[in-house]
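J.: Sharing a structure below in C-alpha coordinates format, with a few things to ask.
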Amino acid sequence: MTGVRARALMVQGTASGVGKSAVVTGLCRLFRREGTRVAPFKAVNMSLNAGVTASGGEMGRAQIVQAEAAGVSPDVRMNPILLKPVAGEGLQVIARGSAVGLLPADEFRARKAWAWELIRDAYRELAATHELLVLEGMGGPAEVNLREADLANMRVAALAGAPVLLVADMAFGGAFAALLGTFLLLPLQERDRVAGFILNRYAGERSLLTPAIADLARRTSRPVLGVL
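When you line the sequence shown up against the numbering used here, it's residues 170 to 397, in that order.
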(Lines of atoms letter the chains of each structure in order from A and count residues from 1; the text may use other names and numbers.)
(Lines give C-alpha, C1' and ligand atoms only; values in the text may rest on other atoms or scores of the structure.)
Protein backbone atom coordinates (compact mmCIF):
# COMPACT_ATOMS: atom_id res chain seq x y z
CA MET A 1 0.00 0.00 0.00
CA THR A 2 2.79 2.39 -0.92
CA GLY A 3 1.61 6.01 -1.02
CA VAL A 4 -1.39 5.49 1.24
CA ARG A 5 -1.28 7.99 4.06
CA ALA A 6 -4.85 8.82 5.12
CA ARG A 7 -6.29 7.65 8.38
CA ALA A 8 -9.75 6.14 8.11
CA LEU A 9 -12.92 5.81 10.14
CA MET A 10 -15.82 3.62 9.02
CA VAL A 11 -19.53 3.91 9.71
CA GLN A 12 -21.53 0.72 9.33
CA GLY A 13 -25.15 0.01 10.24
CA THR A 14 -27.27 -2.80 11.55
CA ALA A 15 -29.33 -2.58 8.33
CA SER A 16 -30.11 -0.32 5.39
CA GLY A 17 -31.79 2.95 6.22
CA VAL A 18 -30.53 3.35 9.79
CA GLY A 19 -28.75 6.64 9.09
CA LYS A 20 -25.23 5.75 7.98
CA SER A 21 -25.19 8.39 5.26
CA ALA A 22 -26.33 11.14 7.62
CA VAL A 23 -23.71 10.19 10.22
CA VAL A 24 -20.95 10.20 7.60
CA THR A 25 -22.14 13.58 6.34
CA GLY A 26 -22.01 14.99 9.85
CA LEU A 27 -18.56 13.57 10.51
CA CYS A 28 -17.23 14.98 7.24
CA ARG A 29 -18.45 18.44 8.20
CA LEU A 30 -17.07 18.10 11.75
CA PHE A 31 -13.60 17.10 10.58
CA ARG A 32 -13.60 19.81 7.92
CA ARG A 33 -14.36 22.43 10.57
CA GLU A 34 -11.42 21.10 12.57
CA GLY A 35 -9.17 21.76 9.59
CA THR A 36 -8.71 18.15 8.48
CA ARG A 37 -8.45 17.37 4.77
CA VAL A 38 -11.26 14.81 4.72
CA ALA A 39 -13.30 12.98 2.08
CA PRO A 40 -16.09 10.39 2.06
CA PHE A 41 -15.83 6.93 0.56
CA LYS A 42 -18.54 4.36 -0.10
CA ALA A 43 -17.24 1.34 -2.00
CA VAL A 44 -20.62 0.15 -3.26
CA ASN A 45 -23.88 2.06 -3.25
CA MET A 46 -27.14 0.46 -4.38
CA SER A 47 -29.47 3.34 -5.12
CA LEU A 48 -31.50 5.03 -7.81
CA ASN A 49 -30.71 8.39 -6.21
CA ALA A 50 -27.65 9.44 -8.16
CA GLY A 51 -26.06 12.63 -9.40
CA VAL A 52 -23.48 13.77 -11.93
CA THR A 53 -20.13 15.34 -11.08
CA ALA A 54 -18.63 18.36 -12.81
CA SER A 55 -16.55 15.98 -14.92
CA GLY A 56 -19.67 14.11 -16.08
CA GLY A 57 -19.34 10.97 -13.96
CA GLU A 58 -22.28 9.42 -12.14
CA MET A 59 -22.16 8.61 -8.42
CA GLY A 60 -24.46 8.23 -5.44
CA ARG A 61 -26.25 11.41 -4.40
CA ALA A 62 -25.40 10.75 -0.74
CA GLN A 63 -21.68 10.79 -1.53
CA ILE A 64 -22.09 14.06 -3.43
CA VAL A 65 -23.67 15.61 -0.33
CA GLN A 66 -20.94 14.12 1.87
CA ALA A 67 -18.24 15.58 -0.37
CA GLU A 68 -19.89 18.99 -0.13
CA ALA A 69 -19.96 18.64 3.67
CA ALA A 70 -16.25 17.82 3.56
CA GLY A 71 -15.55 20.91 1.45
CA VAL A 72 -14.21 18.94 -1.52
CA SER A 73 -15.43 18.44 -5.07
CA PRO A 74 -17.47 15.26 -5.64
CA ASP A 75 -15.24 12.63 -7.22
CA VAL A 76 -16.45 9.33 -8.68
CA ARG A 77 -13.68 7.56 -6.75
CA MET A 78 -15.66 8.36 -3.59
CA ASN A 79 -18.27 5.87 -4.86
CA PRO A 80 -16.42 3.61 -7.27
CA ILE A 81 -19.36 1.25 -7.80
CA LEU A 82 -22.97 2.41 -8.07
CA LEU A 83 -25.65 -0.24 -8.58
CA LYS A 84 -29.03 0.91 -9.88
CA PRO A 85 -31.67 -1.83 -9.56
CA VAL A 86 -33.85 -2.42 -12.61
CA ALA A 87 -36.99 -4.38 -11.67
CA GLY A 88 -37.01 -7.87 -13.13
CA GLU A 89 -33.83 -7.31 -15.12
CA GLY A 90 -30.87 -6.92 -12.79
CA LEU A 91 -28.46 -4.12 -11.93
CA GLN A 92 -27.32 -1.16 -13.96
CA VAL A 93 -23.64 -1.10 -13.01
CA ILE A 94 -21.81 2.23 -12.88
CA ALA A 95 -18.04 1.87 -12.35
CA ARG A 96 -15.98 4.98 -11.58
CA GLY A 97 -18.76 7.13 -12.98
CA SER A 98 -19.32 5.29 -16.27
CA ALA A 99 -22.00 2.77 -17.22
CA VAL A 100 -20.74 -0.79 -17.59
CA GLY A 101 -24.09 -2.28 -18.54
CA LEU A 102 -27.16 -4.05 -17.22
CA LEU A 103 -26.11 -7.25 -15.45
CA PRO A 104 -28.06 -9.97 -13.66
CA ALA A 105 -27.22 -9.92 -9.96
CA ASP A 106 -25.45 -13.28 -10.13
CA GLU A 107 -23.26 -12.06 -12.99
CA PHE A 108 -22.23 -9.02 -10.98
CA ARG A 109 -21.34 -11.29 -8.05
CA ALA A 110 -19.23 -13.38 -10.43
CA ARG A 111 -17.23 -10.24 -11.18
CA LYS A 112 -16.28 -9.76 -7.54
CA ALA A 113 -12.54 -9.75 -8.24
CA TRP A 114 -12.96 -7.04 -10.88
CA ALA A 115 -15.14 -4.98 -8.54
CA TRP A 116 -12.70 -5.31 -5.66
CA GLU A 117 -9.80 -4.11 -7.79
CA LEU A 118 -11.80 -0.99 -8.68
CA ILE A 119 -12.65 -0.38 -5.03
CA ARG A 120 -9.10 -0.93 -3.81
CA ASP A 121 -7.56 1.34 -6.42
CA ALA A 122 -10.09 4.13 -5.83
CA TYR A 123 -9.52 3.96 -2.09
CA ARG A 124 -5.74 4.09 -2.41
CA GLU A 125 -5.87 7.04 -4.78
CA LEU A 126 -8.08 9.04 -2.42
CA ALA A 127 -6.01 8.02 0.59
CA ALA A 128 -2.89 9.40 -1.07
CA THR A 129 -4.36 12.92 -1.25
CA HIS A 130 -6.33 13.27 1.99
CA GLU A 131 -5.61 13.17 5.71
CA LEU A 132 -8.77 11.27 6.63
CA LEU A 133 -11.36 9.20 4.80
CA VAL A 134 -14.77 8.62 6.38
CA LEU A 135 -16.05 5.34 4.99
CA GLU A 136 -19.66 4.21 4.73
CA GLY A 137 -20.77 0.59 4.60
CA MET A 138 -23.77 -0.83 2.77
CA GLY A 139 -26.66 -2.64 4.44
CA GLY A 140 -25.34 -4.49 7.48
CA PRO A 141 -22.05 -6.34 8.04
CA ALA A 142 -23.61 -9.41 9.67
CA GLU A 143 -25.63 -10.83 6.77
CA VAL A 144 -24.23 -14.32 7.17
CA ASN A 145 -25.44 -15.51 3.76
CA LEU A 146 -23.66 -12.61 2.03
CA ARG A 147 -20.37 -12.60 3.93
CA GLU A 148 -18.34 -14.27 1.18
CA ALA A 149 -19.54 -11.66 -1.31
CA ASP A 150 -18.71 -8.66 0.90
CA LEU A 151 -17.36 -5.71 -1.05
CA ALA A 152 -18.61 -2.87 1.12
CA ASN A 153 -18.31 -3.51 4.85
CA MET A 154 -15.64 -5.30 6.90
CA ARG A 155 -13.49 -6.06 3.88
CA VAL A 156 -13.24 -2.33 3.21
CA ALA A 157 -12.56 -1.65 6.89
CA ALA A 158 -9.68 -4.13 6.73
CA LEU A 159 -8.31 -2.51 3.56
CA ALA A 160 -8.30 0.86 5.28
CA GLY A 161 -7.27 -0.34 8.73
CA ALA A 162 -10.32 1.51 9.99
CA PRO A 163 -12.14 1.28 13.31
CA VAL A 164 -15.90 0.85 12.85
CA LEU A 165 -18.79 2.77 14.37
CA LEU A 166 -21.98 0.68 14.28
CA VAL A 167 -25.22 2.65 13.86
CA ALA A 168 -28.76 1.56 14.81
CA ASP A 169 -32.06 3.36 14.28
CA MET A 170 -34.01 4.10 17.47
CA ALA A 171 -37.14 5.36 15.70
CA PHE A 172 -38.94 2.03 15.41
CA GLY A 173 -37.58 0.12 18.41
CA GLY A 174 -35.28 -2.89 18.53
CA ALA A 175 -32.05 -0.91 18.22
CA PHE A 176 -30.26 -2.56 21.14
CA ALA A 177 -31.20 -6.03 19.89
CA ALA A 178 -29.96 -5.08 16.43
CA LEU A 179 -26.64 -3.82 17.77
CA LEU A 180 -26.03 -6.82 19.99
CA GLY A 181 -27.13 -9.31 17.33
CA THR A 182 -24.97 -7.71 14.67
CA PHE A 183 -21.96 -7.62 16.98
CA LEU A 184 -22.30 -11.27 18.04
CA LEU A 185 -22.75 -12.51 14.47
CA LEU A 186 -19.44 -10.99 13.41
CA PRO A 187 -16.35 -13.23 13.41
CA LEU A 188 -14.02 -12.42 16.29
CA GLN A 189 -11.47 -10.59 14.13
CA GLU A 190 -14.24 -8.36 12.76
CA ARG A 191 -15.64 -7.65 16.23
CA ASP A 192 -12.21 -6.32 17.12
CA ARG A 193 -12.72 -3.52 14.58
CA VAL A 194 -15.91 -2.26 16.25
CA ALA A 195 -14.96 0.75 18.36
CA GLY A 196 -18.44 1.58 19.58
CA PHE A 197 -22.09 2.20 18.80
CA ILE A 198 -24.25 5.13 17.71
CA LEU A 199 -27.97 5.36 18.48
CA ASN A 200 -29.66 7.37 15.74
CA ARG A 201 -33.02 9.18 15.73
CA TYR A 202 -33.75 9.03 19.44
CA ALA A 203 -36.43 11.50 20.51
CA GLY A 204 -36.89 10.61 24.19
CA GLU A 205 -35.28 11.43 27.49
CA ARG A 206 -31.59 10.47 27.43
CA SER A 207 -31.69 9.14 31.00
CA LEU A 208 -34.15 6.42 29.94
CA LEU A 209 -31.38 4.84 27.86
CA THR A 210 -28.90 4.52 30.71
CA PRO A 211 -29.73 0.93 31.80
CA ALA A 212 -29.76 -0.38 28.22
CA ILE A 213 -26.51 1.38 27.35
CA ALA A 214 -24.86 -0.12 30.42
CA ASP A 215 -26.17 -3.59 29.55
CA LEU A 216 -24.92 -3.33 25.96
CA ALA A 217 -21.50 -2.23 27.20
CA ARG A 218 -21.37 -5.16 29.63
CA ARG A 219 -22.23 -7.66 26.90
CA THR A 220 -19.90 -6.28 24.23
CA SER A 221 -17.19 -4.32 26.08
CA ARG A 222 -17.96 -1.46 23.68
CA PRO A 223 -19.38 1.98 24.53
CA VAL A 224 -22.25 3.89 23.01
CA LEU A 225 -20.33 6.83 21.58
CA GLY A 226 -23.27 8.95 20.51
CA VAL A 227 -27.03 9.41 20.73
CA LEU A 228 -28.47 11.45 17.87
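Using N, Cα and C, we set each Cβ at its ideal position, and we do this for glycine too.
If we call anything under 8 Å between Cβ atoms a contact, is T183 one with L348?
T.: yes
J.: Write down every uninterrupted run of the beta strand (DSSP E) in the stretch 329–360 whose length is 3 residues or greater and which is fully enclosed by it, in chain order.
T.: Entirely contained in the stretch 329–360, the beta strand (DSSP E) runs reaching 3 residues are, in chain order, 333–338.
J.: If you draw a straight line from the C-alpha of A381 to the C-alpha of L334, how long is it?
T.: Straight-line spacing of the CA atoms in A381 and L334 works out to 18 Å.
J.: When the distance is taken between beta carbons, is A223 closer than 8 Å to H299?
T.: no
J.: If the criterion is Cβ atoms closer than 8 Å, does the pair L304 and M179 meet it?
T.: yes
J.: Taking only three categories from DSSP, how would you classify A364?
T.: In this structure, A364 counts as strand in the three-state DSSP scheme.
J.: Grab the span of the alpha helix (DSSP H) containing G195 for me, first residue to last.
T.: Where G195 is concerned, the enclosing alpha helix (DSSP H) stretches over 189–202.
J.: Rounded to whole angstroms, what's the CA-CA distance from G226 to V396? Just pull it up for me.
T.: 36 Å
J.: Give the range of the beta strand (DSSP E) segment to which R289 is assigned.
T.: Looking at the DSSP string, R289 is not in any beta strand (DSSP E); the run it does join, the alpha helix (DSSP H), is 281–296.
J.: Near G309, what residues of its chain come up, given a Cβ to Cβ distance below 8 Å and the 5 sequence neighbours on each side ignored?
T.: These residues qualify, in order along the chain: Q181, G182, T183, A184, S185, N322, T351.
J.: List the endpoints of the continuous alpha helix (DSSP H) containing V234.
T.: 230–239
J.: In three-state DSSP terms, what is N369?
T.: strand
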